[in-house]
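Read the structure below first, then the notes.
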Amino acid sequence: MKWNGLIAKYKEFLPVTDKTPMLTLNEGNTPLIHLEKLSEKLGVELYVKTEGANPTGSFKDRGMVMAVAKAVEEGSTTIMCASTGNTSAAASAYAARAGLRSIVVIPNGKIAFGKLAQAVMYGAEIFAIEGNFDDALKMVREICEELPITLVNSVNPYRIEGQKTAAFEICEQLGKAPDYLAIPVGNAGNITAYWKGFKEFNERHQTGLPKMHGFEAEGAAAIVKNQVIENPETVATAIRIGNPASWEFAVNAANESGGKIDMVTDEEILDAYQLIARTEGVFAEPASSASIAGVMKDVNSGKIPKGSTVVAVLTGNGLKDPNTAIDVSSIQPIVLPNEKKAVMDHLKGDGHV
Ligand code: F0G
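Here the UniProt record's numbering is used: the first residue of the sequence shown is 1, the next is one more, and so on.
Structural data, given as C-alpha cells:
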C-alpha cells in the first residue's frame, strides 16, 4: 500500500475532522532495525527505531504534521516555537509545506549546524537569543498568549498526538510491544507521547505495555535530580534542557509502566554514538545515543534482564550534527597525492594488505 503519511494512516487514533487538511511530507513508517552485534554482546534483543529517517531527520515530524494541520484548520497563519534545533527544522518545513509563516527561537550558538541549515533553507524567521532552551520556551509561551500566533512546542497537545504514532509502529513492526522502551528525555514530550501511544494501541489491539526507561544527560538531569537545572550543559545539545515542560507526565510514564528516568554521562553518550555507527552502520545524533548508552548501563547493572526485547528510540539523524562527529572521531582523511602508487604505498605501509 502506498504510504501517505501519519494523518492518513492513523486518523482513527488522531484528532482528525473532515476539516483537517491531509498535510504530509510522508513522515513516519521509519525502520525498526535489529542491532545484531550489540544484541549478542549484551544478551538482549535490541532494536532501534530510526526516527532520523523522517523527512526532516527527526521524530519531530510526527508531532509537527499534526500541530501544523490543526493550526491550518483553526485558521492560524503563523506558528512559533522554541527549539534546540530539531523542532525548529520540523516546524519550518511543515510551515513551508502548508504556506504558513514560521518563527523559531533558538539558544545562540547552541544548536547543531545541520539544524540551523534546515531552518534557514525552509525559510523560517530565526531569533537566536543569549539564553538557553528553557528561557526561549518561557518567552514563546508568553508571546503566543499575547499575539495571534500558534505555539507548536510539545506543550501543544497535537504534538503529543502525532508523536504517539511511533509507539503504534513499533507494536506493528514487532508484532507486540517490547519489554523495555529506552528513550532520550529533554523537554519530556516524547516519552509522554510514546506512553500514551502504547496504552492506546494496547487497548485496541492487546499489544502489551513496555517498561519505559527514559534517559536525561547528566548535566541536564532535572527530573533525576528532582530540581530545575539553571545552567544545563551537555554535548547532546538537543536535550540541553533544565526545566522540562512535561516533567510530571514523564515521571508518570516511568512510574505507571514500572520503569524509571535515569541519566547518562556525556562520555557514555559519545561512546554509544560512536559504537553504533562503527559496529552497526547506524548514525544517530548524540542526544539519540543517550538511549543506547542507557540500555548498556541498565543491562550491565541488571536493571534490564538478559533475554529481554528492548527498543531504543534513535530520535534524530547523525548528519544533523557534523561538528560533533568530526570532533570525536579519531579517523581523519589521509591527504595523499593524486597517484595510484602513493595510495598503494600507503596501503602496504599500513601492513594490512
Ligand atoms: N532527541 C532529540 C534528537 C531531540 O531533538 C529532542 C528534543 C529529544 C531527543 C528529547 O525529546 O524534548 O520530547 O523529551 N528536542 C527539542 C527541540 C527540545 O527543540 O528540537 P523531548
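Glycine included, every Cβ here is placed at the ideal spot set by N, Cα and C.
- At least one heavy atom of ligand 1 sits closer than 7 Å to the Cβ of G186.
- Rounded to whole angstroms, F113 and K320 show a C-alpha spacing of 7 Å.
- Distances taken from the Cβ of E339 to the heavy atoms of ligand 1 include none shorter than 7 Å.
- About 7 Å separates the CB atoms of P107 and T84; that is less than 8 Å, so the two are in contact.
- Under the three-state reduction of DSSP, P107 is assigned to strand.
- Sequence-distant partners of D134 (beyond 5 residues in either direction) whose C-beta falls short of 7 Å from its own C-beta, in its chain, are I241, G242, N243.
- Taking the Cα of V335 as reference, the smallest distance to any Cα among A325, H346, I326 is reached at H346.
- The beta carbon of P21 sits closer than 6 Å to those of A69, V72, all from its chain and outside the five residues before and after it, given in chain order.
- Bridge partners of A82 according to DSSP: V105.
- Linking K164 to V155 through their CA atoms gives a straight-line distance of about 14 Å.
- Within the segment 218-290, the complete beta strand (DSSP E) segments at least 3 residues long are 260-264, listed from N- to C-terminus.
- For A312, the secondary structure class from DSSP, reduced to helix, strand or coil, is strand.
- Between ligand 1 and the CB of T234, the shortest heavy atom gap is not smaller than 7 Å.
- Using a cutoff of 7 Å, the CB of S58 counts as near ligand 1, since one of the ligand's heavy atoms is closer than that.
- Taken from the Cβ of E285, at least one heavy atom of ligand 1 lies inside 7 Å.
- By the neighbour-count definition (other C-beta atoms within 10 Å, threshold 16), A117 is an exposed residue.
- The segment 203-210 and the segment 173-190 touch, with no fewer than 3 CB-CB distances between them shorter than 8 Å.
- For G99, the closest of T87, G109, C81, G123 by C-alpha to C-alpha distance is G123.
- Of the heavy atoms belonging to ligand 1, none sits nearer than 7 Å to the Cβ of G28.
- Between the alpha carbons of V152 and E200 lies a distance of about 23 Å.
- In this structure, DSSP gives K211 an extended state, which the three-state scheme calls strand.
- For the pair F215 and V251, the CB atoms are not nearer than the 8 Å cut-off.
- The beta carbon of S289 sits closer than 6 Å to those of I269, A272, Y273, all from its chain and outside the five residues before and after it, given in chain order.
- Between P286 and S58, the alpha-carbon positions lie close to 12 Å from each other.
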